[in-house]
Structures are given as C-alpha cells and as structure tokens.
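Written below as structure tokens is the structure these notes are about.
Residue numbers (my numbering): 8 to 740.
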C-alpha cells in the first residue's frame, strides 16, 4: 500500500487545450468551451508479431468457423404478439411456441425460410421475407398464459431469459394469437468478412450477435437452461453437491469470436448454481441443516421457496410458488364448490380432508406443516408439501457460503485433457452441423481445436538484497539464504489468536529469526490477545467487535500490523469481518494465517506478504535495476490495472467495487498503490475515474494516482500511460 498524497501537493499547470476543443474568442461568453467535431477513431494496427522465445505449438479452445456465404444478408424483424382481445402475450416460452406454430402453419407464406428468435421481440432471417410487414393468426390448444388461474389445471412451458428459466401456467383452453412481423434492419454477412480482413465494419457486431442468437435458439430447442451465452443440460452427471440444498451445474459457454486466424467458435466450460430438485421437504431440511421437518424455520422457508417452481404428484403439472399458507394443512380451509355447479353450493373443507377424501391421497408427512400456495394474491391455491417436488434447472441466485464456494472451486477443477474432452463432447452434443439456420447462413464449424504458435520466453532475472542476482527455475523461486531488496522494520505489532491451537511463542520466535535472515528487523510483539472462551459461541461479526474492543483497550496507539491466527485453514467466518474492521474502518494492516505446521519456509512466505503490505520490496526485475525496459525506462510511464468486482447474484443492493492499481517510483514497475471506490451495483464501467474539479472531497481516481506518480517519481508527469483493463465476459457465480 502506498502512502497518501501529502497535503497541498499539486500538479504543474495543465497542458494546452486539446486541438479538438475551440476556446471562445474575446467578447463572447468567457470561460466556456465549444467542442469541435469528434475526429473519427481508427483501431491501432500491430507493428508486428513477437519473435523472441522458443516456438511451441498450442491448442486453443476455439473451433474454426467457415463463412461460406459472405454475400448473404440477415434481415431483422420486430415481433409483436397479442391475444384476440388485444392483451399482449407474456412469457417468452410462449413466444417460441407461437413462432413454431406460425412456421408450421404459414410455411409457404414465409417461403420456407428458417429464422432465429431471440426469445423476446426480435426475429432474424437469412434473406428477406416476402413483405416488410406480415400479420398472422394462429390457434394453440396448449398456449401458455400467465393470465390463467393457477388452480384451473394445465401444464407448463420452459423459457430462458438472461439467467432465468420462466415457467408460466398453460391452459387447455384454445387461444387465438395475432402475430405482427415488421421489418427493422438489414445486416450484411459481408460485414464479418470485412472485419476479418481488417477493414472498418459498422455491422460486424450485429452480424455476430445474430450468430450467437442462433446458438441460443439451438440450446433452447434441446431444453437447456440458458444464462446469456452459457448452456446447461438437465443431466445429473453435470451436478455438483455443494451442500444446503444447492448444486453446481456444469455446462459450457459458446460464442463466435473474431481472431487473427479468422472467425472461430469459442467454447469453454461454465458452471452455475441451481436448487437441488426433488422433495420440497427434503430440500428445506437440507437447506436449513435440520434433521426433521418439525425443526424447519417456516419464515426462512417462505423466503427461500418464493418464485421457485414445483411439480405436483396430484396433477402432474408445474406451478410457481407464491407463498405458504398461514395455517397447517389440517387446519387450512377453502370453499369447495358442489359438483352440481349451482352458486353458493359447497362446503368449507381443509386441504388435508380434500386430498384424503376427494383425491384419495391421505397425507402422512405434511399435515402439521404449512401448504404451498401457488395462487394469486386474492385467490389462493394450495398443495400439501409432501405432494410437491422442486423441478430441475432452477438457478440459485443467493450468495454462497464460504464452504459452498470452496467446494464449488474444488469440484469444478479440471485437468487440461479432461477439459478438452468435455468441450469435444459439448460440441458434439450441440449438433451445430444439423442446425438449419447455421446452414442457411453458410456457417460451418470445425471439429478440431484450433492450433496456434506460442513462444516460451526466457526466464527473467531478479535482483534481491545486496544487489545479488537471482534466477527462478521452472516458474518458481524461494528466498532461502536471500535478503530482501527493501526490508521494513516491524516495531509496533501484536498477535491476535481466534481460538487456534498454536504455539504462539514458537511462532513469534521463528518470525523474528526468519526476519533477521531476510533483513527484516522485528521487535517483540506488544502483546498476544487470546479470544475468551465465552466469545467463541457468538457470531463472527460480534467476535471481531469484542476482540477489537479488547485490543484497543490495551494498545497504546495504532499498530503497524496485527497478525491474526485463525482456527480454520479455509473458509473462516472470521476472515471477512476481521478484514473489513481493520482495513476499511480502522486503516490497520493485518495478516491472517492458519498454520498447520510452523517452519522456516512457511514463515518466510508470510514475511514476504507482510513486507510488501508495509511498503517494503521483496525483489526487483534486473531490467528495472539497469534500467533497460524498452520504451518504459526511457520515458516516464504510468502503468494502470483496472477491475470491477460485483456482489453475489441476487444481491442487487450490494454496491460494486472499482479498484485501480498504479505504478509509482518510476522507472520501477514493481511498486504499486491502489485506489478503491464503491459504485452502483452491477455496473462494469468505472464511474469514479474522473470527477469535476468542484468536487473537493474526491476529484477522481486518475487524479489521485497521477499525483502519487508525480510525487514519487521525482516530480515527473507521465509521458505514457499503459492500461490493463480486466473484464470477465461470462461470470455465472
């Protein structure tokens, strides 16, 4: 962590006004600027291809794509669907069924054209339809309609939408639907060929988007769960047990990409979380970690079950859960109309009695528990719990626990050969060669991994303490018998032990001894703070607060470091609250450890982290020491790394965190500091890079880091800025 900018520090006068900004002349409104037309931007061309290093062949997770009809065109049409009473058709699964019926009924009017439907309001064809505006009327006997009462009987349809499967009630009643098709735009396939030749192409992204929509439609026809461009089959072999009624579901990501070798299909393994299908009662017991249904917390159960989909043994149909009944099954009543059908005829009967007497399904396991409500707010419809089963492929969007996350990472890990086999199987099962829309587009997909040429660069040399050269071997290096380039002095520190079984005295003595070998001067700790036995039963945040109050009452002032010993090697509940309390609230550097075996190697690795956190430097690249880094060493260069991390799926209230690290002490490239800001949830664009000068509290990340570079680099401003922007295209956690 770098030090903050000293008070009063400022940059030299600003540079001249850019050429695309024209100042107002004298006599006009002062201090205003008129922007000249923005010049057209062109992508940078590569000056050449690297040649250093040992050449080796590499296989990539790309498959060669042939574009055999570059003269073909995609035509984009907007779709509107409504019932005969004018009510819009809702439910995206309905849309696919309706368009399938349109294609079946009006094939000749459509000139037998294949089309790709995005599941919402867009349809794409290869070549133009006979007319720019078309109206169709179709009748479906099993049309889905969310307007249908939940208790009227029927079945369900399946559809996906950016990570959600939508099931809506179907009525056996026939429905007439009006479908309007209107021309929207023409997208030339030639745009892909132009872009691959390096030419400017306005329609390239749109054309590739259509190809990706074709892949989504292909997966939808196979009954997959769709999450953007990732597809998940309902196959138990793909499920990973994560505990608490949650499964990891393995699938694959598939999308078209432009590469130097031409257009390719990029495929990769992908994982999302789903609710464990099967008995609702079993799911709730597993989710709440209880042994009997009588221990279930029904308030938590109601929150967990809401909006999930069930299939009932009584009707063999699927429903969406809207809530739970207020009373147990044997007490919850409803009015059962008489079979004679006369108004007012009927009786009040309990759900339990109805299923026992009228459905001949006596209940054994759910009479004392609430019923599942699948009705609307003013018209409830109940089913006993034991007759309900959760359907498969329902996304679990709540935050995973530490244990679940660790289990997901561990069980999702694949070796390269296994990963290759998985991707080959995914390509084969997708049957893209039989997809009529891809065939009409002139798209063919190879079956072998694309091979590229790689280069193994020579291992860079390092500089350690005393100017000694250091040569890593096989991508590894250790600091045995080596001193650090810039070791720190650890004078004010303490040890905090959260109930770990550890010989703290031996640990501290080993730290002092190893530190001396590395050049780090370590004083004895001020104290060792042991957690009291009575606090161990509290929640993690409370344990942290009580420990911190204890520490503050004993320490004479802020420490340089708090060494925290955790009892769990992985997935400690203490870790998050402890880091938040120290770093975010108190500004105290902390190092957490969970040692199973204390030896010199382990302690040396810990000291390397501590030295870097407290502003020291462990090693340098030899080219920095020279300095002889091409371009960077000759001219002041600022290196930035940017990323945004988002909250867990389903947590729309959690802000996203934008972080930027920047190099300092030019011409070094091994020293960095960080700037962090919160911003609106799920926003990938970094909002705080620049702030107006009028904002005195925060003038933006870039200015903060420019000032730091200026103050640590001999009052030099950067002539060059290199930015590494991290962006994960398809994170599904």
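All C-beta atoms in this analysis are idealised placements derived from N, C-alpha and C, irrespective of residue type, glycine included.
Do you know how far the Cα of residue j is from the Cα of residue i?
i           : j           : result
residue 259 : residue 318 : 27 Å
residue 732 : residue 681 : 14 Å
residue 724 : residue 562 : 41 Å
residue 358 : residue 338 : 8 Å
residue 514 : residue 501 : 13 Å
residue 331 : residue 547 : 32 Å
residue 590 : residue 583 : 11 Å
residue 130 : residue 483 : 54 Å
residue 2   : residue 246 : Residue 2 lies beyond the stretch modelled for the chain, which goes from 8 to 740, so this question has no answer here.
residue 610 : residue 570 : 12 Å
residue 469 : residue 488 : 15 Å
residue 213 : residue 81  : 9 Å
residue 420 : residue 410 : 16 Å
residue 196 : residue 59  : 38 Å
residue 68  : residue 202 : 22 Å
residue 266 : residue 66  : 14 Å
residue 425 : residue 391 : 44 Å
residue 510 : residue 619 : 25 Å
residue 161 : residue 306 : The predicted model places residue 161 with a pLDDT of 30, which falls under 50 and marks its position as unreliable, so this point remains unresolved.
residue 508 : residue 614 : 21 Å
residue 71  : residue 460 : 15 Å
residue 575 : residue 527 : 28 Å
residue 446 : residue 122 : 11 Å
residue 457 : residue 401 : 34 Å
residue 97  : residue 273 : 33 Å
residue 721 : residue 427 : 51 Å
residue 626 : residue 435 : 49 Å
residue 362 : residue 333 : 18 Å
residue 588 : residue 551 : 8 Å
residue 603 : residue 679 : 32 Å
residue 290 : residue 374 : 18 Å
residue 555 : residue 531 : 20 Å
residue 128 : residue 222 : 17 Å
residue 342 : residue 308 : 26 Å
residue 2   : residue 234 : What the structure shows of the chain is the stretch from 8 to 740, and residue 2 is not part of that stretch, so it cannot be assessed.
residue 477 : residue 628 : 9 Å
residue 512 : residue 718 : 41 Å
residue 324 : residue 316 : 10 Å
residue 525 : residue 553 : 35 Å
Assuming residue i contacts residue j under a Cβ cut-off of 8 Å, what Cβ separation, rounded to an integer in Å, is found between them?
i           : j           : result
residue 257 : residue 276 : 7 Å
residue 516 : residue 537 : No, residue 516 and residue 537 are not in contact; Cβ-Cβ is about 18 Å, not under 8 Å.
residue 397 : residue 285 : 6 Å
residue 413 : residue 578 : 5 Å
residue 472 : residue 490 : 3 Å
residue 712 : residue 652 : Between residue 652 and residue 712 the Cβ distance is about 19 Å, and since that is not below 8 Å, they are no contact.
How would you call residue i, buried or exposed, if buried means at least 16 neighbouring beta carbons within 10 angstroms?
i           : result
residue 145 : buried
residue 102 : buried
residue 61  : exposed
residue 194 : buried
residue 226 : buried
residue 299 : exposed
residue 301 : exposed
residue 278 : buried
residue 199 : buried
residue 218 : buried
residue 261 : buried
residue 84  : buried
residue 394 : buried
residue 564 : exposed
residue 326 : buried
Give every residue of the same chain whose Cβ lies closer than 6 Å to the Cβ of residue i, excluding the five residues on either side of it in the sequence, and list them in chain order.
i           : result
residue 429 : 276
residue 636 : 630
residue 708 : 667, 682, 695 and 696
residue 634 : 640 and 674
Which residues in the same chain have their Cβ closer than 7 Å to the Cβ of residue i, if we skip the five residues on either side of it in sequence?
i           : result
residue 557 : 536
residue 75  : 449 and 451
residue 728 : 645 and 647
residue 117 : 110 and 136
residue 1   : Since the displayed the chain opens at 8 and closes at 740, residue 1 lies outside it and no answer follows.
residue 463 : 60, 61 and 63
Keeping to the same chain, check which residues put their C-beta closer than 8 Å to that of residue i; ignore five residues upstream and five downstream.
i           : result
residue 185 : 88, 89, 90, 91, 142, 143 and 144
At a Cβ threshold of 8 Å, is residue i touching chain E?
i           : result
residue 118 : Reference to chain E is not applicable here, since this structure consists of a single protein chain.
Inter-stretch contact (C-beta, 8 Å, three-pair minimum) for the region 628-647 and the region 668-678: yes
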